[in-house]
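In what follows, a single structure is set out as structure tokens and then discussed.
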Amino acid sequence: MAPKGKTMLKVVSILYIIFSGISILFGLLALVGGGMIAAGGDMMGAGVGAVAAIMGVVVILSSVFSLIVGIIGVKNCAKPEKAQVCFVLGIILIVLAALSLISSFGSDGNVFSGLIGLVLPVLYTLGAYWNKQSAAAPAAPQAPSDDANRNGPEL
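Our numbering applies: residue 377 is where the sequence shown begins, and numbers increase by one.
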């Protein structure tokens, strides 16, 4: 029987792989664009370009982490014994998303976007938790085999 959280963990992991791939492309674009702006020559352009390049690096690093989490989730979604790894990664994702949400309160950031950013980590962690519960649950009792009834009831 498939673990209870297998489907949720797999779907959310695939979404993580897709979104992180897109984010890596945007990070590369910011990195290259920031370098081009910085090479523009004036002092203002150098500062803006450096900030854009640094943001590109941060986006790439966080996206690579999300990609790794997604790959691990897809790889281990049917293995309840590996659910603890996914659960810990899910908790890390929730903490990072919560920090992002908190930082959006201090700036003029969109809080709604931060709340949406919490959905995938919570679903990922929930799927891993359900898989973890499947691993901890005792196996269902086996029905007696035909060999046990072949000689008649025991007296």
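Just so it is clear, CB atoms sit at the ideal spot from N, CA and C, and this is done for glycine as well.
Three-state secondary structure (DSSP) of residue i
i    : result
K455 : coil
P379 : coil
N486 : coil
A513 : coil
Spatial distance of residue i from residue j (CA atoms)
i    : j    : result
K351 : V464 : It is not possible to answer for residue 351, since the shown part of the chain is limited to 377 through 531.
I541 : I393 : No information on residue 541 is available, as it lies outside the stretch 377 to 531 that the chain covers here.
V450 : V408 : 31 Å
W506 : A459 : 8 Å
I467 : A406 : 28 Å
M412 : I400 : 18 Å
A422 : G410 : 9 Å
C462 : T383 : 14 Å
M419 : V434 : 23 Å
V495 : A474 : 11 Å
S338 : N452 : The chain is shown only over 377 to 531; residue 338 falls outside these bounds and no answer can be derived.
F395 : G490 : 15 Å
A378 : L469 : 25 Å
M431 : A414 : 14 Å
A504 : G416 : 48 Å
From the options, residue whose alpha carbon lies closest to that of residue i
i    : options                : result
V498 : P379, V408, S389       : S389
G403 : F441, N486, S489, A429 : A429
L502 : L385, A378, P379       : L385
L437 : V487, V387, S480, G397 : G397
A512 : G490, P456, F481       : P456
I448 : K380, V387, S510       : V387
G446 : G425, V427, Y500       : Y500
CB contact check: residue i to chain B, cutoff 9 Å
i    : result
F488 : Reference to chain B is not applicable here, since this structure consists of a single protein chain.
What alpha helix (DSSP H) runs, 4 residues minimum, are completely inside the segment 383 to 448? none
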